[in-house]
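Here's the structure, in structure tokens; my notes come after.
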Amino acid sequence: EYVKGDFDIAASYAFDDRNTIASHIAVGLAYPYGNSNVLPFEKRYFGGGANSVRGWSTRTLGPGTYSNDTITGSDFGRKIGDVKLDFSIEYRHKLTNMFELAAFVDAGNIWTIKDYMEQPGGMFRWNSFYKELAVAYGLGVRLDFNFLLIRVDGGMKAHNPGLPEGSRWTIFKPDFSRDFAFHFAIGYPF
């Protein structure tokens with residue numbers, strides 16, 4: 081038993097035929113109750129990926145400051161949460177009818193409602209959640225076939241909440257192997 085609600089809004093403003101600013105806000109909250117202590121895995125939120133904070137690969141961001149990544153990869157099963165915030169702004173410039181360039185900034189994260197022992201630092205707290213927002217920036221190329229839009233984005237981490245305090249702003253000292261994520265997708269991110 082659980083209750084879940086999502087709010088998702090996207091708006092765009094076209095300056096002319098070739099230049100557009102698009103923005104996106106997504107907020108989600110899910111809460112288990114009754115005979116459930118935790119949400120089903122497939123109903124929980126995840127952070128990162130082609131339609132979220134693009135400096136992270138899919139299901140590699142959060143929750144909160146939680147980070148148990150190893151050399152062999154990420155802790156996929158625990159990178160889930162009950163609260164999600166995503167903010168994005170993207171500048172789109174059409175080069176031709178088929179090719180489009182984009183520059184973007186994304187921010188967001190996921191959190192848990194409860195303080196789960198397996199996800200230390202993952203619980204949502206009103207007094208600190210804003211310090212745990214992940215920020216990424218990047219560039220993208222879109223191929224518009226009128227019936228299909230193919231998108232390639234490269235995102236870099238600017239603020240990584242999974243790192244120790246004092247070294248979270250990676251924009252000033254980027255490590256390409258740690259901070260870059262590549263995304264191939266169909267359609268616009270929002």
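Residue 81 is where the sequence shown starts when you use our numbering, and the numbers rise one by one after that. Just so it is clear, CB atoms sit at the ideal spot from N, CA and C, and this is done for glycine as well. Nothing here was measured: the structure is a model prediction, and the numbers come from that model.
Is residue i helix, strand or coil by DSSP?
i	result
K237	strand
D195	coil
D186	strand
F126	coil
M253	The sequence as given places Lys at residue 253; Met does not occur at that position. Residue state, collapsed to three classes: coil.
D162	coil
F204	coil
F264	strand
R248	coil
G113	Sequence check: residue 113 is Tyr here, not Gly. Y113 falls in the coil class under three-state DSSP.
Which whole-angstrom value describes the C-beta separation of residue i and residue j, a residue pair presumed to lie in contact below a C-beta threshold of 8 Å?
i	j	result
D162	R124	6 Å
V215	A238	4 Å
Using only CA atoms, which one of the options lies nearest to residue i?
i	options	result
F260	F270, Y217, R248, F252	Y217
N189	G201, L181, L175	G201
D255	M236, P269, G246	M236
K211	N148, G114, D155, S247	S247
F121	A130, A102, K159	K159
G157	L141, A94, S168	L141
D224	D86, H173, W191	H173
R258	S168, L213, S137	S137
V276	G128, K194, P143, Q199	Residue numbering for the chain in the displayed model covers 81 to 270; residue 276 lies beyond these limits and cannot be assessed.
D233	S92, S208, A265, F270	A265
P269	D96, K84, A102	A102
Y245	L213, R222, F262, L228	With the sequence shown as reference, residue 245 is identified as Glu, and Tyr is not the correct amino acid for it. Looking at the Cα atoms, L213 is the closest of the given residues.
Y86	A94, D97, I105, R222	Note on residue identity: the sequence assigns Asp, not Tyr, to residue 86. If we check each option's Cα against that of D86, I105 comes out closest.
If you draw a straight line from the alpha carbon of residue i to that of residue j, how long is it in whole angstroms?
i	j	result
I230	T176	15 Å
L109	Y146	19 Å
G220	Y171	10 Å
S132	S116	28 Å
S92	N240	28 Å
D88	M197	30 Å
N99	M203	40 Å
W191	P143	4 Å
Y111	E81	9 Å
At a Cβ threshold of 9 Å, is residue i touching chain D?
i	result
L219	Within the model displayed, chain D is absent; a lone protein chain is all it includes.
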